[in-house]
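Read in order, the letters of the sequence shown are residues 808 to 1186 in my numbering.
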Amino acid sequence: MADQYAHSGDNKRPTEIPALRWDEPPEGPVLVLLDQTRLPAEEVELVCTDAPALVEAIRSLAVRGAPLLGIAGAYGVALAAVRGFDVDDAAAALESARPTAVNLAVGVRRAHAAHRAALARTGDPRQAAGAALAAARQLHREDAEASARMAEHGLALLDELLPGGGHRILTHCNTGSLVSGGEGTAFAVVLAAHRAGRLRRLWVDETRPLLQGARLTAYEAARSGMAYTLLTDNAAGSLFAAGEVDAVLVGADRIAADGSVANKVGSYPLAVLARYHHVPFIVVAPVTTVDPETPDGAAIEVEQRPGHEVTEVTAPQAPVAGTEAGGGIPVAPLGTQAYNPAFDVTPPELVTAIVTEEGAVSPVTAGALAELCARSRQV
Ligand code: MRU
């Protein structure tokens, strides 16, 4: 099928603006975000001067994606500390801004712990703020390194599962440099395959309702110069049936101790399709996304988002003040109720492999994941 459906990637300019950066202008330190609600139309920066502004940016998806949420959360604690706000309050608000991606809590707690320890040791709030910022920077660096290692392990796994190259990979949501200190999770593997000349095509699910695939993954794919094609989420079944998918690669927001994977809603149906069609379903995520405290899929809290994201067609944005509306174009009768979970949970038996910076786990079992986490803690 399908080369007539291809976009060959005509815009190879890498974005000048990183997903997130710490800056120290004369008016005081700030966290600067690339506002992902405005992509791909505009590359606009959003400047956060305090934790409440960052909480709002997280809720509105200006900053999003599990690893980046962790990094943002850690910088948010540092921002509160450096600017002299109540760090405990800021950490609590940031940690609970969105419930599903465990990386957010991991990042916030790491910077918060560094702050607390330095304060206890020195009694000096400036040194404590410096420790929180150092912890955020360290997490940012580690995520970039993890990303590079996931890409290596993921490409090796693809080559093992699909000898001969020419991979046609289907992905869902957005998992590239917009969600990471590096080149991302699943998308970093896709990029590695592209650079190695082994990617034939990236199939990009549009990812309703907020279109992270159409707006963000297509934007990243275009810039990389890879061959990619966008499809509606419900076209995936016919694509599998036509034999056009060699592997599915997705990221994760939380991986429970038993290997259940929470990721963007629509991932679970892809795993079911992949199993039926004998296609590997591969999850790529840093070890920080594995949460040993969450025993299984049923224990993962799935974020429910406002109904207007479904009843209206729009980029993600906050509701219009004082109304239920989101400012988009209505596509359903006024007053329609919507079911809008942001994530779904794929059981471990449908996951062919989980690829982390420490290597791949396959088959996915609680024991293998526990071993991986233990190995990672020893490093
Ligand atoms: O609601 P979002 O856009 O934050 O959801 C993001 C995803 O589901 C990603 O696939 C996930 O965070 C894994 S990739 C980094």
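Glycine is no exception: its CB is placed at the ideal position from the N, C-alpha and C atoms. Fair warning: this is a prediction, and the values are worked out from it, not measured in the lab.
Buried versus exposed call for residue i [16 or more other C-beta atoms within 10 Å across all chains shown]
i: V1171; result: buried
i: I878; result: buried
i: L1179; result: buried
i: H979; result: buried
i: V1152; result: buried
i: S1045; result: exposed
i: D893; result: exposed
i: L1141; result: exposed
i: P1148; result: exposed
i: Q1144; result: exposed
i: T929; result: exposed
Near the ligand MRU: residue i beta-carbon under 6 angstroms from a heavy atom
i: N1070; result: yes
i: R1007; result: no
i: D1060; result: yes
i: A1149; result: yes
i: Q843; result: no
i: V986; result: yes
i: G872; result: yes
i: C1189; result: Examination of residue 1189 is not possible in this model, given that the chain is present from 808 through 1186 alone.
CB of residue i within 7 angstroms of CB of residue j, strictly
i: A1197; j: A920; result: What the structure shows of the chain is the stretch from 808 to 1186, and residue 1197 is not part of that stretch, so it cannot be assessed.
i: V1094; j: V1052; result: no
i: A993; j: V1079; result: no
i: G1018; j: M1033; result: The question names Gly, but residue 1018 in the sequence shown is Leu. Cβ atoms of L1018 and M1033: not closer than 7 angstroms.
i: R1082; j: L968; result: no
i: N1070; j: A1059; result: yes
i: G983; j: S954; result: no
i: A1173; j: D1098; result: no
i: P881; j: T844; result: It should be pointed out that residue 881 corresponds to Ala in this sequence rather than to Pro. Taking 7 angstroms as the Cβ cut-off, A881 and T844 do not qualify as a contacting pair.
Three-state secondary structure (DSSP) of residue i
i: Q934; result: helix
i: E792; result: No answer is possible for residue 792: the residues shown for the chain start at 808 and end at 1186.
i: F1088; result: strand
i: A813; result: Only weak support exists for where A813 lies, its pLDDT of 39 falling under 50; the value from the coordinates is given anyway. A813 falls in the coil class under three-state DSSP.
i: T1163; result: strand
i: L868; result: coil
i: L1190; result: Residue 1190 cannot be examined here, being either before or after the span of the chain that is shown, 808 to 1186.
i: T1101; result: coil
i: F994; result: helix
i: Y882; result: helix
i: N1070; result: strand
i: H922; result: helix
i: P1113; result: coil
i: L1006; result: strand
i: T1121; result: coil
i: V1094; result: helix
i: V1158; result: coil
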